[in-house]
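S.K.: Got a structure for you, questions after.
Numbering (UniProt numbering), first residue to last: 1 to 225.
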């Protein structure tokens with residue numbers, strides 16, 4: 001299953017005309033492409049259920065609103081020029097590390113996941129696991145198939161070792177991370193190919209062992225087989 005050229009075109013036009021007047025004039029077009037995206041997400045939920053616990057998860061539990069909260073932002077553009085959804089047990093509002101799908105024209109689309117905004121207690125648990133078992137995560141992210149698709153991890157990091165850890169720790173760089181996430185980008189052409197859904201799921205399965213490591217480390221969550 002693929003996405004439509006109409007959806008890509010709408011997002012391009014929204015980016016160029018990010019105001020309420022234009023959006024109101026094109027509300028019907030938005031509703032059409034929103035239904036298309038929701039159908040794509042519904043199909044993905046079915047595929048994710050083969051290797052994650054998606055019981056009770058519906059489209060509304062995964063898809064993010066297109067409307068921006070601009071109350072505390074200098075950027076007052078009212079809409080996000082992208083569609084996005086998160087897949088995990090319990091949906092987008094669950095505490096677990098999830099698979100995040102981002103659809104934005106211009107080669108900015110990606111599937112990703114990881115530890116994006118951890119609470120202090122969760123970050124402490126992550127670092128404790130890296131201290132004890134960091135070599136396991138290193139092996140996962142250095143796996144040739146994983147590395148070829150997701151490359152190096154991303155995210156903000158401390159400049160020095162976190163308090164309580166040695167400067168010569170063998171996995172110091174992972175300990176210093178305040179965030180730890182990965183993404184695999186897609187071209188606009190890939191979005192329109194029939195195998196796009198298959199590519200999303202293929203990369204999600206590559207990402208699964210890393211998310212399992214994080215969810216087990218932070219939440220003591222047993223991986224779904």
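Idealized CB from N, CA, C, for every residue including glycine.
1. Would you check if there are 3 or more beta carbon pairs closer than 8 Å linking the region 85 to 101 to the region 199 to 216?
2. Do the region 77 to 96 and the region 185 to 203 make contact, defined as three or more Cβ pairs closer than 8 Å?
3. List the DSSP bridge partners of residue 79.
4. Under a CB-based cut-off of 8 Å, is residue 89 close to chain D?
5. Here's the rule: buried if 16 or more other CB atoms are within 10 angstroms of the residue's CB, otherwise exposed. What is residue 217?
6. By the three-class DSSP mapping on this structure, what secondary structure does residue 122 have?
7. Are the CB atoms of residue 112 and residue 181 nearer to each other than 8 Å?
8. Within 10 Å of its beta-carbon, does residue 44 have 16 or more other beta-carbons around it, so buried, or fewer, so exposed?
9. Going by the DSSP bridge assignment, what does residue 183 pair with across the sheet?
10. Near residue 104, which residues of its chain fall below 6 Å by C-beta distance, leaving aside the five closest residues on each side in sequence?
M.R.: A quick look at the data gives this:
1. yes
2. no
3. As a first step, residue 79 must be located in the chain shown, where it is residue number 79. In the DSSP output, where bridge partners are listed per residue, residue 79 has 67.
4. Annotation note: the requested chain D is absent from the structure, which comprises a single protein chain.
5. Within the chain shown, the letter at position 217 stands for residue 217. When all chains shown are included, residue 217 counts as buried.
6. Within the chain shown, residue 122 is the residue found at index 122, counting from 1. Note: residue 122 maps to helix in three-state DSSP.
7. For this step, residue 112 is matched to residue 112 along the chain shown. For this step, residue 181 is matched to residue 181 along the chain shown. In this structure, residue 112 lies near residue 181, with their beta-carbon atoms less than 8 Å apart.
8. Against the chain shown, residue 44 aligns to sequence position 44. Residue 44 should be labelled buried.
9. Taking the chain shown and counting its residues from 1, one reaches residue 183 at position 183. BP columns for residue 183 point to 112.
10. Residue numbering aside, residue 104 sits at position 104 when the chain shown is read from its first letter. Same-chain partners within the cutoff: 82.
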